[in-house]
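Participant: The structure's right below; bear with me while I get my questions together.
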């Protein structure tokens, strides 16, 4: 009975015949090549000595290794990728079908809030990052719906609560049954959430929910308003009406997504609407005088006394 030789499994580097990225030791060539990606390589020596491996990496440019696959004939790549031989090793590289005729040339705005030089650039980033990146609309990313042209006929530009434009479908049928009425921050009672979303889409601006149930005109205060778990009652700086706000916020870090800076009634500039709301949730009620018109683009909500 012939034994199977054990060696080392590697990820093939750009340099032909040399490997530096170790995947697994004490493994046969068959097992290494069966479980690894298309750029896997194998060597018949085991580098269990750190000093020896460091010597090969530093002075020799890597460990002598042989790629598992020498051609693209049996390589399967993901959607939007094609197999190409790079330095003698088959690799799956991003090569998406751009369909420029359907989208057109010029910049596009992604749903990550970034402007891309063209649709192909967006698809390549989607492929490289393995993300759910999609085109939001044609043209550079905007801070309002004024210049946004939605790609689909049944879509309309809508500003979210962060004042960032999105293209959303408005042709949605809603039930007329008042099964779960809600009160919007605009003081309008909607029979259900579907009707509130439809009204926001047709209006072109988000309508946040103030609280569950029909809007009340009896001088409702935070002490009498019960919010869901994880929410807190805050007072609107303009209308002084209560509103249940989600205080378990996870604001995006700097550079992750397009954001519009806002100025609160405490004379502080916030990186986004999310950061303003998070700060409002963490403070106790305070009496504030109205800020100057030039600086206040958004009122800072005040915490109300309540459950």
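Residue numbers (the working numbering): 267 to 573. The beta carbon of each residue, even a glycine, is placed where N, CA and C say it ideally should be. The model shown is predicted, which means the values in this text are computed figures rather than measured ones.
In chain order, what residues of the same chain lie with their CB nearer than 8 Å to the CB of residue 299, ignoring the 5 residues before and after it?
Facilitator: Same-chain partners within the cutoff: 306, 308, 334, 335.
Participant: Taking the beta strand (DSSP E) that residue 289 falls in, what are its first and last residues?
Facilitator: Residue 289 -> beta strand (DSSP E) spans 284-293.
Participant: Please look up how many angstroms separate the CB atoms of residue 425 and residue 470, rounded, as I've assumed it's under 8 Å.
Facilitator: The pair is a contact, with the Cβ atoms about 7 Å apart (cut-off 8 Å).
Participant: Closest to residue 361 by CA distance: which of 349, 353, 372, 370 is it?
Facilitator: That would be 349, whose Cα lies nearest to the Cα of residue 361.
Participant: Taking the continuous beta strand (DSSP E) assigned at residue 497, which residues delimit it?
Facilitator: It spans 497-501 - the beta strand (DSSP E) in which residue 497 sits, taken as one unbroken run.
Participant: Mind checking which residues open and close the beta strand (DSSP E) that includes residue 515?
Facilitator: No beta strand (DSSP E) contains residue 515, which DSSP labels as neither H nor E.
Participant: If I'm right that residue 417 touches residue 396 with Cβ under 8 Å, what's the distance once you round it to whole angstroms?
Facilitator: With 8 Å as the limit, residue 417 and residue 396 do not qualify as a contact, their Cβ atoms being about 23 Å apart.
Participant: What residues in its chain sit with their C-beta under 6 Å from that of residue 414, if we drop five residues either side in the sequence?
Facilitator: Only 403, 408, 423, 431 meet the Cβ criterion.
Participant: Would residue 394 be called buried (16 or more neighbouring beta carbons within 10 Å of its own) or exposed?
Facilitator: Label assigned to residue 394: exposed.
Participant: Determine the direct distance from the alpha carbon of residue 530 to that of residue 539, and round the result to whole angstroms.
Facilitator: One C-alpha to the other measures close to 9 Å.
Participant: Specify, as a first and last residue, the run of the beta strand (DSSP E) that residue 348 falls within.
Facilitator: Residue 348 -> beta strand (DSSP E) spans 347-352.
Participant: Check residue 342 in the structure and name its three-state DSSP category.
Facilitator: Note: residue 342 maps to coil in three-state DSSP.
Participant: What is the residue span of the alpha helix (DSSP H) that residue 309 lies within?
Facilitator: It is not in any alpha helix (DSSP H) - residue 309 instead sits in the beta strand (DSSP E) that spans 306-309.
Participant: Going by C-alpha to C-alpha distance, which of 484, 420, 353, 294 sits closest to residue 468?
Facilitator: Among 484, 420, 353, 294, the Cα nearest to that of residue 468 belongs to 420.
Participant: Would residue 481 and residue 453 be called neighbours here (beta carbons separated by less than 8 Å)?
Facilitator: Yes; because the gap between Cβ atoms is below 8 Å, this pair is in contact.
Participant: Here's a check: name, in chain order, each residue in its chain whose Cβ is nearer than 6 Å to the Cβ of residue 338, leaving out the five neighbours to either side.
Facilitator: Answer for residue 338: 349, 356, listed in chain order.
Participant: From residue 312 to residue 435, what does the alpha carbon distance come to, in whole angstroms?
Facilitator: Roughly 59 Å separates the two Cα atoms.
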